[in-house]
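Asks: Got a structure here, written out as C-alpha cells. Questions coming.
Protein chains: 2
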Amino acid sequence: MKLLNNQNILIVGLGLMGGSYAKALKRLDFHIEAIDTNRESVDYALENGIIDRGYTSPDAEAIGRADVVVFGLYPAVFKKWIADYQHYFKSGAVITDVTGVKGCIVYDIQAMLRDDVEFIAAHPMAGREVYGVKNSTEKMFRDANFLVVPTEKNTEESIEWCKELGRLLGFINVTVLSPEEHDRMIGFVSQLTHCIAVALMTCSDNTHLADYTADSFRDLTRIANINEVMWSELFLLNKEALLNDIDRFTEELTEIRGLLEKDDREGLKDKMRLSTQRRAAFNKKN
Amino acid sequence: MKLLNNQNILIVGLGLMGGSYAKALKRLDFHIEAIDTNRESVDYALENGIIDRGYTSPDAEAIGRADVVVFGLYPAVFKKWIADYQHYFKSGAVITDVTGVKGCIVYDIQAMLRDDVEFIAAHPMAGREVYGVKNSTEKMFRDANFLVVPTEKNTEESIEWCKELGRLLGFINVTVLSPEEHDRMIGFVSQLTHCIAVALMTCSDNTHLADYTADSFRDLTRIANINEVMWSELFLLNKEALLNDIDRFTEELTEIRGLLEKDDREGLKDKMRLSTQRRAAFNKKN
Chain A
243 MKLLNNQNIL
253 IVGLGLMGGS
263 YAKALKRLDF
273 HIEAIDTNRE
283 SVDYALENGI
293 IDRGYTSPDA
303 EAIGRADVVV
313 FGLYPAVFKK
323 WIADYQHYFK
333 SGAVITDVTG
343 VKGCIVYDIQ
353 AMLRDDVEFI
363 AAHPMAGREV
373 YGVKNSTEKM
383 FRDANFLVVP
393 TEKNTEESIE
403 WCKELGRLLG
413 FINVTVLSPE
423 EHDRMIGFVS
433 QLTHCIAVAL
443 MTCSDNTHLA
453 DYTADSFRDL
463 TRIANINEVM
473 WSELFLLNKE
483 ALLNDIDRFT
493 EELTEIRGLL
503 EKDDREGLKD
513 KMRLSTQRRA
523 AFNKKN
Chain B
243 MKLLNNQNIL
253 IVGLGLMGGS
263 YAKALKRLDF
273 HIEAIDTNRE
283 SVDYALENGI
293 IDRGYTSPDA
303 EAIGRADVVV
313 FGLYPAVFKK
323 WIADYQHYFK
333 SGAVITDVTG
343 VKGCIVYDIQ
353 AMLRDDVEFI
363 AAHPMAGREV
373 YGVKNSTEKM
383 FRDANFLVVP
393 TEKNTEESIE
403 WCKELGRLLG
413 FINVTVLSPE
423 EHDRMIGFVS
433 QLTHCIAVAL
443 MTCSDNTHLA
453 DYTADSFRDL
463 TRIANINEVM
473 WSELFLLNKE
483 ALLNDIDRFT
493 EELTEIRGLL
503 EKDDREGLKD
513 KMRLSTQRRA
523 AFNKKN
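Chains as they are written, first to last, in the working numbering: chain A, 243 to 528; chain B, 243 to 528.
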C-alpha cells in the first residue's frame, strides 16, 4: 500500500506528538480525524484547523473509516486500547505508533492484533520540554530521526510505507532498526541521559547556584524538566537495558574518579582525548 | 583606582579568553598590548587590530608600562610567570586573571607578589569548544557570569575596579565570591558536568549511534569535546571539591537505579518531580 492523499488518517491521542503528526499531514492535504479523551485538546485542534473531525471517545465509525491509525498514547494505555477497540478497525488498515520503547510493546500488540490489520512500529525521535496539542509543531521533526521498528511479522510493503511516512512528516533521517536494537540504543542515548540530568538536579539543592550557572550545566539539565508520568513508564519498560547503561556509565565515572584521586594526569588526559575524538563523530551529523 | 581610558592594559596569554578580553577592551579604546609565546597568535592579533603592540616573550618595557595586567595562562604557568617576571611590574599595577580554579592559585600568588602590586582574581565564566585568539569573541560574555574572587588581602577599591571590568567586558552578571565558595560552586556546575560528559563518551564506543542521536545526548556531550591539558589541570587543582561532587552525584544516580530495579514507579516520579521543580530556578535566569 502507498500513502495517498485520499486515505483517512486517524490519530489516537492528540498530545504534543499526535498534534504534530496532524499538523504535518494536514499540510499535505490528508483527511485527519482524532480521538482524545480531553475535550479541550479536541476543540483546540478543530478550532485551529489541525484536524478535520474530532472525538472524545473511541468512535466506532471514525475508527472504521480510517485507513491509517497513528497511536500517540503511553505504552500501557496503547495496549489496553488495542485490546478494547480493535474490532472497530477497517480490514486492511495499517496502524503505527510513536512509543519510545519497543521490545515490550511491538510483539505484544502484534500478537493480539487481528490478522487483517498490520501494526508497523515507529519512533519519531523528536520532543520538546512542553506538552499537549497546543505546543505541537512539525518543526521539531526537521532535524530529527525517524525510526521504523519492524519485526518478522511485518511486510516489506508496510516497512516501505512507514519509511515514506517518516519522510512525509519531514524527518531528516529515516532508519530501520529491530526492537532490540532500538531499545539498546534508546537506553543509552536518551534514557541514560535523562537519568543523569535528573540525578544532577536531585543530588543536592543547587538552586542557589542558578546565578553562577555556565552553559554546560544548563545544557546537561535542560531535560531535567521531565514529564514524570511518561518517563517513569519508559524507564520501567526498558529496565534491563537502562540498568546496564547506568552500570556501565557509573563504572566509567568511577574510573575517572580514581584517576583524579591518584593524581593521574596522563590517565585523565587519555580519557579526555578519547572523549574528544568520539564526540567528533556526533559533530559531523549536526 | 578606576578603569580609565588612558590606562595601558597588558594581556599575558593571548588565547581564546585573552583575545576576547583584548577585543572587548579595544572596542572601548583602551591601549592594549599582549605577550604570547606563539608568534602566530601575536601576528594574527596585530594584523586584525585586536592589540596595539605584541611580544613573544616577557618584554620588560611592555610589562613596566602596564597599569593593568590580565593573565590568560594555565594555573601552573601563571604562578611560574609571576615568580620569574614580577620585578618588571610598574609600582601600583593591578593584575587579574581568568583562571577557572581559585583556592590553589589566589593565595599563592598574593603571598609571593610584591607589596606595591595588587592581584584581584576573576573568573569569566564563558567558553567555547574551540581555542585560540582566532576564535576569540566578546560575544561569549553577553549571557555569561563574571565572578570577582577577592581575599582578605584585597582592597575595596580593587574589588570595585574588577566588578567594573566585568561590566565593561559585557558580562550580564557580576558577582563576588570567596575562593572557597568559588571552587565548591565550580566543582558542581562546571567540573562535574565535564566529568559526566567525558564518561558518557568513554564508557563505550557509541559512535555508531551518531545517526540516532537525540538532542538530549548532543546537549549532554557538547562539552565532551574537551581541551585535555587545561581541564586535567583544573580537575586536579580542585580535586577535593570535585571528588565530593562525583561521589554525591554517583550516590544519587545509584539511588535512582535502585528505584528502577525494584520497579518503584512512585519513587521515580518523586525524583522527576523534584528535578523539574529545581530546574525551573535555572530557567528563570535564561
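Glycine included, C-beta positions come from ideal geometry on N, C-alpha and C. Predicted model, so just to flag it, every value in this text is computed and none were measured.
Using 8 Å as the limit for Cβ to Cβ distance, is histidine 273 of chain B near chain A?
Replies: Reading the second sequence from its first residue, position 31 is the one you call residue 273 of chain B. Cβ-Cβ to chain A under 8 Å: no for histidine 273 of chain B.
Asks: Taking only beta-carbon atoms, is lysine 513 of chain B less than 8 Å away from chain A?
Replies: For the purposes of this step, residue 513 of chain B is taken as residue 271 along the second sequence, with counting starting at 1. For lysine 513 of chain B, the answer is yes, since a Cβ of chain A falls inside 8 Å of its Cβ.
Asks: Quick check: what's the CA-CA separation for valine 254 of chain B versus isoleucine 401 of chain B?
Replies: Here residue 254 of chain B refers to the residue found at position 12 when the second sequence is read from its first residue. Here residue 401 of chain B refers to the residue found at position 159 when the second sequence is read from its first residue. One C-alpha to the other measures close to 21 Å.
Asks: Since glutamate 202 of chain B contacts glycine 342 of chain B with CB under 8 Å, what's their CB separation in whole angstroms?
Replies: Lying before the first or after the last residue shown, residue 202 of chain B is absent from chain B, which here runs from 243 to 528.
Asks: Measure the CB-CB distance between isoleucine 438 of chain A and isoleucine 465 of chain B and report whether it falls below 8 Å.
Replies: As a position in the first sequence, residue 438 of chain A is number 196, starting the count at 1. As a position in the second sequence, residue 465 of chain B is number 223, starting the count at 1. Cβ distance not < 8 Å, so isoleucine 438 of chain A and isoleucine 465 of chain B don't count as in contact.
Asks: Would you grab the beta carbon distance between lysine 376 of chain B and tyrosine 286 of chain B for me? Rounded to a whole angstrom, and I think it's under 8 Å.
Replies: Here residue 376 of chain B corresponds to residue number 134 of the second sequence, with the count starting at 1. Here residue 286 of chain B corresponds to residue number 44 of the second sequence, with the count starting at 1. Contact flag correct, Cβ pair sits at about 6 Å.
Asks: Check aspartate 357 of chain A in the structure and name its three-state DSSP category.
Replies: Residue mapping note: residue 357 of chain A aligns to position 115 of the first sequence, counting from 1. Aspartate 357 of chain A: coil per DSSP, three-state reduction.
Asks: Hey, how far is the Cα of tyrosine 454 of chain B from the Cα of isoleucine 292 of chain B?
Replies: Residue mapping note: residue 454 of chain B aligns to position 212 of the second sequence, counting from 1. Residue mapping note: residue 292 of chain B aligns to position 50 of the second sequence, counting from 1. Going from the Cα of tyrosine 454 of chain B to the Cα of isoleucine 292 of chain B covers about 42 Å.
Asks: Find the residues of chain B that neighbour isoleucine 438 of chain A, judging by a C-beta separation of less than 8 Å, and give them in chain order.
Replies: To locate residue 438 of chain A, count along the first sequence from 1; it is residue 196. Neighbours of isoleucine 438 of chain A on chain B, chain order: Ile438, Leu442, Leu462 and Leu495.
Asks: Could you tell me whether the Cβ of leucine 288 of chain B comes closer than 8 Å to any Cβ of chain A?
Replies: By one-based count along the second sequence, residue 288 of chain B stands at place 46. No, leucine 288 of chain B does not count as interfacial toward chain A.
Asks: Could you tell me which residues DSSP puts in a beta bridge with asparagine 467 of chain B?
Replies: Taking the second sequence and counting its residues from 1, the one referred to as residue 467 of chain B is at position 225. The partner list for asparagine 467 of chain B (beta bridge, DSSP) is empty, contrary to what the question assumes.
Asks: Would a check of beta-carbon distances place glutamate 482 of chain A closer than 8 Å to chain B?
Replies: Position 240 of the first sequence, counted from the start, is the residue given in the question as residue 482 of chain A. For glutamate 482 of chain A, the answer is no, since every Cβ of chain B falls outside 8 Å of its Cβ.
Asks: Terminal residues of the continuous beta strand (DSSP E) containing asparagine 280 of chain B?
Replies: Taking the second sequence and counting its residues from 1, one reaches residue 280 of chain B at position 38. Careful: asparagine 280 of chain B lies outside any beta strand (DSSP E) and carries neither H nor E.
Asks: Would you please state the rounded distance, in angstroms, between the beta carbons of arginine 499 of chain A and isoleucine 488 of chain B? I believe it to be under 8 Å.
Replies: Reading the first sequence from its first residue, position 257 is the one you call residue 499 of chain A. Reading the second sequence from its first residue, position 246 is the one you call residue 488 of chain B. The pair is a contact, with the Cβ atoms about 5 Å apart (cut-off 8 Å).
Asks: For lysine 322 of chain B, count neighbouring Cβ atoms within 10 angstroms of its own Cβ and tell me buried if that reaches 16, exposed if not.
Replies: Here residue 322 of chain B refers to the residue found at position 80 when the second sequence is read from its first residue. So lysine 322 of chain B counts as exposed.
Asks: Take the Cβ of arginine 426 of chain B as the centre, count every other Cβ of all protein chains shown within 10 Å, and call the residue buried at 16 or more, exposed below.
Replies: Along the second sequence, read from residue 1 onward, the residue named residue 426 of chain B stands at position 184. Burial call: buried.
Asks: Can you find the residues in the same chain that come closer than 6 Å, C-beta to C-beta, to phenylalanine 383 of chain A, ignoring five residues on each side of it along the sequence?
Replies: Start at 1 with the first residue of the first sequence, and residue 383 of chain A comes out as number 141. Here the set comprises Ala368, Leu411, Gly412 and Phe413.
Asks: So which of B:Ser333, B:Val319, B:Gly334 and B:Thr496 has the shortest CA-CA distance to aspartate 350 of chain B?
Replies: Translated into positions along the second sequence, residue 350 of chain B becomes position 108. Checking every option, the nearest Cα to that of aspartate 350 of chain B belongs to B:Val319.
Asks: Got a sec, what are the start and stop residues for the beta strand (DSSP E) glycine 412 of chain A sits in?
Replies: Mapped onto the first sequence, residue 412 of chain A falls at position 170. No beta strand (DSSP E) holds glycine 412 of chain A; DSSP gives it neither H nor E.
Asks: Pull out every residue of the segment 253-269 of chain B whose Cβ sits closer than 9 Å to any Cβ of chain A, in chain order.
Replies: So nothing in the stretch comes that close.
Asks: Is the Cβ of cysteine 445 of chain A closer than 8 Å to any Cβ of chain B?
Replies: For this step, residue 445 of chain A is matched to residue 203 along the first sequence. With 8 Å as the cut-off, cysteine 445 of chain A counts as an interface residue toward chain B.
Asks: So is alanine 452 of chain B in contact with chain A if we call contact Cβ pairs under 8 Å?
Replies: Taking the first residue of the second sequence as 1, we reach residue 452 of chain B at position 210. So, interface residue.
Asks: Which chain B residues are close to aspartate 339 of chain A, counting only those with a beta carbon under 8 Å from its beta carbon?
Replies: Position 97 of the first sequence, counted from the first residue, corresponds to residue 339 of chain A. The premise fails here: aspartate 339 of chain A is roughly 17 Å from chain B at the closest Cβ pair, so nothing lies under 8 Å.
Asks: Anyone know if the C-beta pair for proline 366 of chain B and methionine 259 of chain B falls short of 8 Å?
Replies: Numbered from 1 along the second sequence, position 124 holds the residue referred to as residue 366 of chain B. Numbered from 1 along the second sequence, position 17 holds the residue referred to as residue 259 of chain B. Yes, Cβ-Cβ distance for proline 366 of chain B and methionine 259 of chain B is below 8 Å.
Asks: On the three-state DSSP scale, how would you describe threonine 455 of chain A?
Replies: On the first sequence, residue 455 of chain A is found 213 positions in, with the first residue counted as 1. It is coil, neither helix nor strand.
Asks: With DSSP run on the structure shown, which of helix, strand or coil describes leucine 419 of chain B?
Replies: Locating residue 419 of chain B in the second sequence gives position 177, where the first residue counts as 1. In this structure, leucine 419 of chain B counts as coil in the three-state DSSP scheme.
Asks: Does the Cβ of glutamate 380 of chain B have 16 or more other Cβ atoms within 10 Å, making it buried, or fewer, making it exposed?
Replies: In the second sequence, the residue the question calls residue 380 of chain B occupies position 138. Per the 10 Å Cβ criterion, buried.
Asks: Is it buried or exposed, histidine 450 of chain B, if we count other Cβ atoms within 10 angstroms and call 16 or more buried?
Replies: Translated into positions along the second sequence, residue 450 of chain B becomes position 208. That one is exposed.
Asks: With 8 Å as the threshold, decide whether the Cβ of isoleucine 320 of chain B is near any Cβ in chain A.
Replies: Position 78 of the second sequence, counted from the start, is the residue given in the question as residue 320 of chain B. With the sequence shown as reference, residue 320 of chain B is identified as phenylalanine, and isoleucine is not the correct amino acid for it. No - not a single Cβ of chain A is within 8 Å of the one on phenylalanine 320 of chain B.
Asks: Based on the DSSP output, what are the partners of methionine 367 of chain A in its beta bridges?
Replies: Taking the first sequence and counting its residues from 1, one reaches residue 367 of chain A at position 125. Note: methionine 367 of chain A sits in a beta bridge opposite A:Asn387.
Asks: So, for threonine 338 of chain B: in the same chain, excluding its five sequence neighbours on each side, which residues have a beta-carbon less than 8 Å away from its beta-carbon?
Replies: Working through the second sequence from its first residue, we reach residue 338 of chain B at position 96. Val310, Val311, Val312, Phe313, Phe361, Ile362, Ala363, Ala364, Cys404 and Leu407.
Asks: Between threonine 496 of chain B and leucine 462 of chain A, is the Cβ-Cβ spacing less than 8 Å?
Replies: Position 254 of the second sequence, counted from the first residue, corresponds to residue 496 of chain B. Position 220 of the first sequence, counted from the first residue, corresponds to residue 462 of chain A. Not in contact: threonine 496 of chain B and leucine 462 of chain A (Cβ atoms no closer than 8 Å).
Asks: Let me check one thing: in DSSP terms, what residues is arginine 295 of chain B bridge-paired to?
Replies: Here residue 295 of chain B is taken as the residue at index 53 of the second sequence, counted from 1. Beta-bridge pairing links arginine 295 of chain B to B:Glu275.
Asks: Got a sec: which bits of the segment 462-479 of chain B sit with their beta carbon under 9 Å from any beta carbon on chain A, in order along the chain?
Replies: Result list: Leu462, Thr463, Arg464, Ile465, Ala466, Asn467, Ile468, Asn469, Glu470, Val471, Trp473, Ser474, Glu475, Phe477 and Leu478.
Asks: Can you tell me whether threonine 393 of chain A is helix, strand or coil according to DSSP?
Replies: Here residue 393 of chain A corresponds to residue number 151 of the first sequence, with the count starting at 1. Of the three classes helix, strand and coil, the one that applies to threonine 393 of chain A here is coil, per DSSP.
Asks: Taking only three categories from DSSP, how would you classify leucine 270 of chain A?
Replies: The count along the first sequence starts at 1 and reaches residue 270 of chain A at position 28. Of the three classes helix, strand and coil, the one that applies to leucine 270 of chain A here is coil, per DSSP.
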